[in-house]
Amino acid sequence: MLEKIDDLLTEVQNFQSSSKDEIEQFRIRFNGKKGIMTDFYDFLKQVPNDQKKVAGQKINTLKVAVNDKLEALKSASESTLILEKEDLTRPAFPLELGSRHPINLVKNKIIDIFKSIGFAVADGPEIEDDWHNFTALNLPEYHPARDMQDTFFIEQNPDVLLRTHTSSVQIRYMEENEPPMRILAPGRVFRNEAVSSRSHCIFHQIEGLYIDENVSFADLKQTIQFFTTELFGKSKIRMRPSYFPFTEPSAEVDVYWGLNSETDYRITKGTGWLEIMGCGMVDPAVLKNVNIDPDKFSGYAFGMGIERIVMLLYQMSDIRMFFENDIRMLEQFKPL
Ligand code: DAH
Numbered sequence: 003m004l005e006k007i008d009d010l011l012t013e014v015q016n017f018q019s020s021s022k023d024e025i026e027q028f029r030i031r032f033n034g035k036k037g038i039m040t041d042f043y044d045f046l047k048q049v050p051n052d053q054k055k056v057a058g059q060k061i062n063t064l065k066v067a068v069n070d071k072l073e074a075l076k077s078a079s080e081s082t083l084i085l086e087k088e089d090l091t092r093p094a095f096p097l098e099l100g101s102r103h104p105i106n107l108v109k110n111k112i113i114d115i116f117k118s119i120g121f122a123v124a125d126g127p128e129i130e131d132d133w134h135n136f137t138a139l140n141l142p143e144y145h146p147a148r149d150m151q152d153t154f155f156i157e158q159n160p161d162v163l164l165r166t167h168t169s170s171v172q173i174r175y176m177e178e179n180e181p182p183m184r185i186l187a188p189g190r191v192f193r194n195e196a197v198s199s200r201s202h203c204i205f206h207q208i209e210g211l212y213i214d215e216n217v218s219f220a221d222l223k224q225t226i227q228f229f230t231t232e233l234f235g236k237s238k239i240r241m242r243p244s245y246f247p248f249t250e251p252s253a254e255v256d257v258y259w260g261l262n263s264e265t266d267y268r269i270t271k272g273t274g275w276l277e278i279m280g281c282g283m284v285d286p287a288v289l290k291n292v293n294i295d296p297d298k299f300s301g302y303a304f305g306m307g308i309e310r311i312v313m314l315l316y317q318m319s320d321i322r323m324f325f326e327n328d329i330r331m332l333e334q335f336k337p338l
């Protein structure tokens, strides 16, 4: 019986087929219930104990060879199956080029404009503390202006909150650096606002800050005028008195958009003017909070919402689109 094993081993090793039926016949011949391997196992039971070890090893060699062969045939037939199913000569799927999110397109454009006049980009955390978001900005606890900037707090620690504006970066930057300083701080901000087509609980702002000796309101106005001319091609602006706790005096900036089309009438509510940002001279109390001497230094700051500007430039009507990220919307944006 055992002398047959060598021939069987050669047979197993030489067997080749890509036919499913032939492979199945091969399997049945060796591994079927009444197959060759079963015969050998039955035979092994009758082998005297002192010869069992040698006989067992020989039979096992055949068993391993059969199973290896079956395994190899199986994986070979699987890969031919794939080759049969797929047309490997067809052109590859084109690599889709992504596009920049409209918020980033406009943000980068604004950064470029201010970079060209010496502003650097600064960054700060989205998870803030009370000091940087409110108190140091002259918005102490119980100040009524805090009501307009309700946000998301952590119950266990009311000192931790999601920043309501990028003005917090002003404080962080002034704490760490010495004047003169000229920075732009773009970023995401959060407020407890009902989501609608015009407002969202997440949005983006860009903050500007310039601190030096002898900085005046005229510098502020010039800079903003330069900015609106570069971004919108419109140089006519007006500054309306306003109130922010961290600036004194404070102003709201409107750009004269014009009344040349029906859209102009709609977006400016018939006035021709569009509000684009808040600004003012940094309040001396804020400078004191960050250990900058208000008798020596002065400065201006401004802050604007990016979404509003994107909606204006691309004529979009619903702020929610920025956060849905529908590819059909995103792929329409080309750099300005
Ligand atoms: N932080 C203000 C807001 O979110 C915007 C702002 C107004 C920023 C005046 C400024 C500023 O730096 O000077 O409503």
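All residue numbers for the sequence shown refer to the numbering used here, where the first residue is 3 and numbers rise by one. Beta carbons: idealized from backbone N, C-alpha and C, even for Gly.
Backbone CA spacing between residue i and residue j [nearest angstrom]
i    : j    : result
G280 : V191 : 16 Å
I25  : G37  : 14 Å
L72  : R29  : 7 Å
F32  : P93  : 44 Å
P296 : M283 : 11 Å
T270 : V257 : 10 Å
F325 : D70  : 55 Å
I308 : F205 : 8 Å
L222 : P188 : 19 Å
F17  : K6   : 17 Å
T273 : M241 : 15 Å
E177 : I278 : 28 Å
R174 : S237 : 32 Å
P181 : I213 : 6 Å
N291 : S169 : 14 Å
R148 : F95  : 53 Å
T82  : Q59  : 35 Å
K55  : E13  : 24 Å
H134 : Y316 : 34 Å
S79  : V123 : 60 Å
W259 : D89  : 57 Å
N293 : T231 : 35 Å
K117 : V288 : 25 Å
D266 : I239 : 16 Å
Q334 : N327 : 12 Å
A74  : M39  : 19 Å
G126 : G301 : 20 Å
Y245 : A253 : 7 Å
F42  : V68  : 13 Å
T91  : L85  : 11 Å
H145 : I329 : 43 Å
Backbone secondary structure at residue i - three-state DSSP
i    : result
G2   : One cannot answer for residue 2 here, as it falls past the ends of the chain, which runs 3 to 338.
Y144 : coil
T166 : coil
P286 : helix
M241 : strand
M39  : helix
M3   : coil
T249 : strand
D161 : strand
S19  : coil
E333 : coil
D8   : helix
E86  : helix
M150 : helix
V255 : strand
F229 : helix
F28  : helix
I156 : strand
G260 : coil
M318 : coil
I173 : helix
I294 : coil
Presumed contact (8 Å Cβ cut-off) between residue i and residue j, rounded CB distance
i    : j    : result
L314 : L261 : Not really, about 15 Å apart at Cβ, beyond 8 Å.
R322 : V197 : 7 Å
E128 : L164 : 6 Å
F121 : I226 : Going by Cβ atoms, the distance from F121 to I226 rounds to 13 Å, so no, they are not a contact pair.
T153 : R193 : 6 Å
P243 : N140 : Rounded, the Cβ-Cβ distance is 18 Å, inconsistent with contact.
F304 : G235 : At roughly 20 Å, the Cβ-Cβ gap does not stay under 8 Å, so F304 and G235 are not in contact.
I119 : L233 : Wrong, their Cβ atoms sit about 13 Å apart, outside the cutoff.
Q207 : M306 : 7 Å
L4   : T63  : With a Cβ gap of about 11 Å, L4 and T63 do not count as contacting.
F299 : E215 : 6 Å
Residue i: CB within 6 Å of a non-hydrogen atom of the ligand GTP
i   : result
A74 : The ligand content of the structure shown is limited to the ligand DAH, which means the ligand GTP is not among them.
>> Report the start-end ranges of each beta strand (DSSP E) in the stretch 180-226 that is 3 residues or longer and not cut off at the edges.
In response: 183-192, 204-214
> Three or more beta-carbon pairs under 8 Å between the stretch 104-118 and the stretch 312-326, yes or no?
Replying inline: yes
> Which full runs of the beta strand (DSSP E) of 3+ residues lie inside the stretch 95-148, going along the chain?
Replying inline: 129-131
> Where in the stretch 54-83 do unbroken runs of the beta strand (DSSP E), each at least 3 residues long, occur, reported from the N-terminal end onward?
Replying inline: none
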